[in-house]
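Q:
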Amino acid sequence: MGGMLAITGSAVVVALSWAPYATQVDSEHLRRSGERVTRVWTVWSDLALTGPLRAAVGLSALAALLCLAGLVLGGRFGGRTVLNRIVVFASGSSATILACYLLAHKYTYFEPSNERHEPQTGWGAFAMFAAAWIAFAAILWNSLLEPNRREPGTVLGDVLVFLGTAIAVFGSTLPFLTTSDSFALLWFSPLTYSAWGWNTFTAPLTSSVVVALGLAAGLGILRLVRPAAARSLWQVYLAVYAVVVMVGYALSAKYPVFGDNPEGQGDVAEVFGLSFGIGAWMMLVGSLVAMAGAIVAFLTPHPPQAPDLEPDDALRQMPRSPGRPAEPNGVPLPTARELAAR
1083 MGGMLAITGS
1093 AVVVALSWAP
1103 YATQVDSEHL
1113 RRSGERVTRV
1123 WTVWSDLALT
1133 GPLRAAVGLS
1143 ALAALLCLAG
1153 LVLGGRFGGR
1163 TVLNRIVVFA
1173 SGSSATILAC
1183 YLLAHKYTYF
1193 EPSNERHEPQ
1203 TGWGAFAMFA
1213 AAWIAFAAIL
1223 WNSLLEPNRR
1233 EPGTVLGDVL
1243 VFLGTAIAVF
1253 GSTLPFLTTS
1263 DSFALLWFSP
1273 LTYSAWGWNT
1283 FTAPLTSSVV
1293 VALGLAAGLG
1303 ILRLVRPAAA
1313 RSLWQVYLAV
1323 YAVVVMVGYA
1333 LSAKYPVFGD
1343 NPEGQGDVAE
1353 VFGLSFGIGA
1363 WMMLVGSLVA
1373 MAGAIVAFLT
1383 PHPPQAPDLE
1393 PDDALRQMPR
1403 SPGRPAEPNG
1413 VPLPTARELA
1423 AR
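Heads up, the sequence shown is in the numbering used here, so the first residue is 1083 and it goes up one at a time.
1) So the candidates are Phe1252, Tyr1191, Val1125; which of them puts its Cα closest to the Cα of Met1364?
2) According to DSSP, is Phe1244 helix, strand or coil?
3) Can you check DSSP and say which residues form a bridge with Trp1123?
4) So which of Ala1138, Thr1382, Leu1273, Leu1333 has the shortest CA-CA distance to Thr1260?
5) Can you confirm whether the segment 1098-1108 touches the segment 1201-1210 when touching is taken to mean that 3 or more C-beta pairs between the two stretches lie within less than 8 angstroms?
6) Which class does Ser1369 belong to by DSSP, given the choice of helix, strand or coil?
7) Assess, as a yes-or-no matter, whether the segment 1124-1139 is touched by the segment 1147-1157 under the definition of 3 or more beta carbon pairs within less than 8 angstroms.
8) Given Val1241, which residues of its chain have a CB within under 8 angstroms of its CB, disregarding the five upstream and five downstream residues?
9) Use the C-beta contact count for Arg1308: other C-beta atoms within 10 angstroms, 16 or more gives buried, fewer gives exposed.
10) Among Phe1283, Ala1298, Arg1305, which one has its Cα closest to the Cα of Thr1190?
11) How is Ser1334 classed by DSSP in three states: helix, strand or coil?
12) Return the bridge partner residues of Pro1257 from the DSSP annotation.
13) Please name the residue, chosen from Ala1177, Leu1147, Ile1179, Ala1250, that lies closest to Leu1165 on a Cα-to-Cα basis.
14) Flag this pair as yes or no: are the beta carbons of Ala1362 and Gly1246 separated by less than 8 angstroms?
15) How far does the beta strand (DSSP E) with Phe1218 in it reach, from first residue to last?
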């Protein structure tokens, strides 16, 4: 039951990616003719900064296919298998990204303005969000939340996670997006936008990268405080999630106008285009470094150490000479030949 629900929910997310994701009343057309025309965009429309959104749809498709393969090959999907771990990551990342996009602001010109008719969230966005979380809940229901544990990993892996997190956190305070050189020539200085700013399709998704890497670093700190703490795949999940989001942003179209350059706007998307700032590049590099560290730490556990023994256990394991049984206190008894010689 859970497997079929997971497949259905993930497949619905993919199907709804062609449903209305955002809508907006065409103010220019309304002003010219008085006729109210509503513009509609889907996930696959020409929208800026939607690379992670499309990646979420792809992750849901991957989860649906792997769930189907698990049902066909294994009879029941679940357990601590490699297949299941990938599905948990894909479904959880998709649901998180869709939730962040649902919460993100949507402006005609990337930031609040006097525009009467700002873009609105379409019904497809709400339906995709609900389907993704239903699928994720079904996958967790048929799975074990905690993956297989291993021995604590090497210090090098945790160091790379800490380093990548520090780079990303520092980068989040620097410009995430900047306006084009053409804008700077017109207005003498470019505009910059932080990863923490609530502009069109930025926060909370951009800030979730820092949160995910912070949690990954926290797992490493926990193992430093408690050396006996075992390692899990959740640190890898968090780091890979950050990489998926940042790569999605890097591959996205970047311009401040919502939609495919509305009628009457001329070349505004080109003149006022956006590009990755130094902060975004640092967040991308930091995510990659943290992902490498998490993978290294998980795949290279410490060599097994000899267990601590009580004094009596240690005495019992002392080497003995042939024919010399040991007393309970560990002192060897004399042999028959030694007794005769006395």
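Yeah, the Cβ is synthetic: ideal placement off N, Cα and C, and Gly gets one too.
A: In short:
1) Phe1252
2) helix
3) Ala1104
4) Leu1273
5) yes
6) helix
7) no
8) Gly1375
9) exposed
10) Phe1283
11) coil
12) Ser1276
13) Leu1147
14) no
15) Segment 1205-1223 is the alpha helix (DSSP H) holding Phe1218; no beta strand (DSSP E) there.
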